[in-house]
Amino acid sequence: MPRSRGTNGTDMNTELGIVVAGVSTIYGRAVVRWAAAEAHARHAELRLVTAQPAAAVPDRYLPNDVATAHRAAAVRLLADLAGEMATGWPGVIVTTDLATGPPAAVLRAAAEEADLLVVGADDASPFTEAISGSVPGDLLTTSPCPLAVVPRREWTASTALPASAPVVVALDESTISHAALAYGYAAAARTGRPLTVVRCVTAGSFDQAAATAQARLLIAFGELYPDVAVSTEVEPGDPRHVLVAASRRAALLVLGSRGRGRLASSLFGSVSRDLIRRSGCPVVIARTQPAPVALCS
Numbered sequence: 001m002p003r004s005r006g007t008n009g010t011d012m013n014t015e016l017g018i019v020v021a022g023v024s025t026i027y028g029r030a031v032v033r034w035a036a037a038e039a040h041a042r043h044a045e046l047r048l049v050t051a052q053p054a055a056a057v058p059d060r061y062l063p064n065d066v067a068t069a070h071r072a073a074a075v076r077l078l079a080d081l082a083g084e085m086a087t088g089w090p091g092v093i094v095t096t097d098l099a100t101g102p103p104a105a106v107l108r109a110a111a112e113e114a115d116l117l118v119v120g121a122d123d124a125s126p127f128t129e130a131i132s133g134s135v136p137g138d139l140l141t142t143s144p145c146p147l148a149v150v151p152r153r154e155w156t157a158s159t160a161l162p163a164s165a166p167v168v169v170a171l172d173e174s175t176i177s178h179a180a181l182a183y184g185y186a187a188a189a190r191t192g193r194p195l196t197v198v199r200c201v202t203a204g205s206f207d208q209a210a211a212t213a214q215a216r217l218l219i220a221f222g223e224l225y226p227d228v229a230v231s232t233e234v235e236p237g238d239p240r241h242v243l244v245a246a247s248r249r250a251a252l253l254v255l256g257s258r259g260r261g262r263l264a265s266s267l268f269g270s271v272s273r274d275l276i277r278r279s280g281c282p283v284v285i286a287r288t289q290p291a292p293v294a295l296c297s
């Protein structure tokens with residue numbers, strides 16, 4: 001997807017981070033506003049993307065005014081949101097893209113050069129079909145960048161939350177979750193929020209090697225982010241209940257992923273869809289990235 005000129009006329013040849021937001025007609029503003037706040041905090045471009053699924057009846061067989069009206073409505077929605085976000089978050093460059101194709105595929109392509117992909121959780125639109133319906137793997141396990149899923153309710157960004165609301169990173173005993181910790185620490189540092197690391201422990205799941213690796217990572221990240229206040233909680237029980245409860249007091253919930261094909265573990269993979277639907281805050285699925293040698297030594 002080529003770079004273009006932003007709504008404020010700024011030339012887009014300058015390299016910026018990119019936050020992609022999937023736009024839909026229902027609950028779209030909640031998703032886009034959260035994405036705009038994130039782009040502002042990151043000093044990144046905000047790219048609004050919507051898809052028109054290929055019609056069962058080709059456009060050439062539809063009355064011209066019907067096909068034109070559908071496209072015009074989508075263009076209007078993108079333009080309205082772009083103007084609102086540019087006004088609400090001065091300095092954020094906002095671009096738009098209207099594509100034809102399956103929504104999950106369109107978003108996945110848009111995310112290829114993005115730092116974050118943002119979609120809605122309980123949206124009655126094709127975008128949410130890809131998250132909580134029949135194609136969850138298309139985005140949850142194959143997004144090429146971190147995926148943020150914003151709750152259905154209106155989410156008015158971090159300014160509406162108490163300063164004590166933490167970024168929560170969820171770990172289990174089967175993975176060192178470097179990606180989740182890296183994302184969580186960076187998010188906490190960026191927003192000035194505390195970080196809470198929640199370790200979910202179920203019967204027979206304890207892995208001493210993973211626990212030791214996690215402890216070493218916490219020490220290493222603490223040295224990289226000395227200003228981030230960190231607390232650790234070990235919670236026995238069903239991760240589904242533990243993490244939903246944690247999300248009710250959090251600004252953000254971060255889960256790890258090993259990359260394309262599966263979530264951080266079979267444990268988190270089995271509950272991820274339920275978490276996304278029930279979470280009290282936005283959920284980020286962080287992608288695996290190579291760990292610096294300093295963090296692994």
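Reminder that position 128 of the sequence shown reads as 128 in my numbering, one-by-one numbering, no gaps. Glycine is no exception: its CB is placed at the ideal position from the N, C-alpha and C atoms.
- With 16 or more other CB atoms across the displayed protein chains lying within 10 angstroms of its CB, glutamine 214 is buried.
- Cβ contact annotation for glycine 192 (same chain, cutoff 8 Å, sequence separation greater than five): Ala163, in chain order.
- Under the 10 Å beta carbon count, proline 151 is surrounded by 16 or more other beta carbons and is classified as buried.
- Bounds of the beta strand (DSSP E) holding glutamate 233 are 230-236.
- Rounded to whole angstroms, the separation of the alpha carbons of glycine 256 and alanine 286 is 5 Å.
- The three-state secondary structure of leucine 147, taken from DSSP, is strand.
- The Cβ-Cβ distance between alanine 51 and leucine 16 does not fall below 8 Å.
- For alanine 51, there is no enclosing alpha helix (DSSP H); the residue is part of the beta strand (DSSP E) that begins and ends at 45-52.
- Taking every protein chain shown into account, the CB of aspartate 172 has 16 or more other CB atoms within 10 angstroms, so this residue is buried.
- A check of alpha carbon separations from glutamate 223 across Val198, Ala251, Ala189 identifies Ala189 as the nearest.
- Counting the other Cβ atoms within 10 Å of the Cβ of glutamate 112 gives fewer than 16, which makes it exposed.
- Annotation: the continuous beta strand (DSSP E) that includes isoleucine 285 extends over 283-286.
- Aspartate 274 carries a helical assignment under DSSP once its states are collapsed to helix, strand and coil.
- Taken atom to atom, the span from the alpha-carbon of alanine 73 to that of histidine 178 is near 43 Å.
- A direct Cα-to-Cα measurement between alanine 36 and alanine 246 gives close to 25 Å.
- Per DSSP, isoleucine 18 lies in no alpha helix (DSSP H) segment; the continuous beta strand (DSSP E) that holds it begins and ends at 18-22.
- In the structure shown, arginine 193 adopts coil according to DSSP, grouped into three states.
- Nearest in C-alpha terms to histidine 241, of all of Ala220, Arg199, Ala148, is Arg199.
- Taking the CA atoms as reference points, alanine 114 sits about 26 Å from threonine 196.
- The three-state reading of DSSP puts leucine 255 in strand, counting E and B together.
- Counting the other CB atoms within 10 Å of its CB gives glutamate 38 a total of 16 or more, which places it among the buried residues.
- At a cut-off of 4 residues, the continuous stretches assigned as alpha helix (DSSP H) that sit fully inside the stretch 68-115 are 103-110.
- In the three-state reduction of the DSSP assignment, leucine 161 falls in the coil class.
- The bridge partners DSSP lists for glycine 120 are Val150.
- It is roughly 15 Å from the alpha-carbon of isoleucine 18 to the alpha-carbon of methionine 85.
- For the pair leucine 275 and glycine 83, the Cα-to-Cα distance works out to about 32 Å.
- Closest in C-alpha terms to threonine 87, from the list Val106, Leu46, Pro146, comes Leu46.
- Of all alpha-carbon atoms in Trp34, Ser24, Val23, the one lying nearest the alpha-carbon of leucine 252 is that of Trp34.
- Sequence-distant Cβ neighbours of glycine 28 in its own chain, meaning closer than 6 Å and more than five residues away, do not exist here.
- In the three-state reduction of the DSSP assignment, arginine 199 falls in the strand class.
- Assignment of beta-bridge partners to alanine 170 by DSSP yields Val198.
- CA-to-CA, the gap between proline 166 and leucine 77 works out to about 33 Å.
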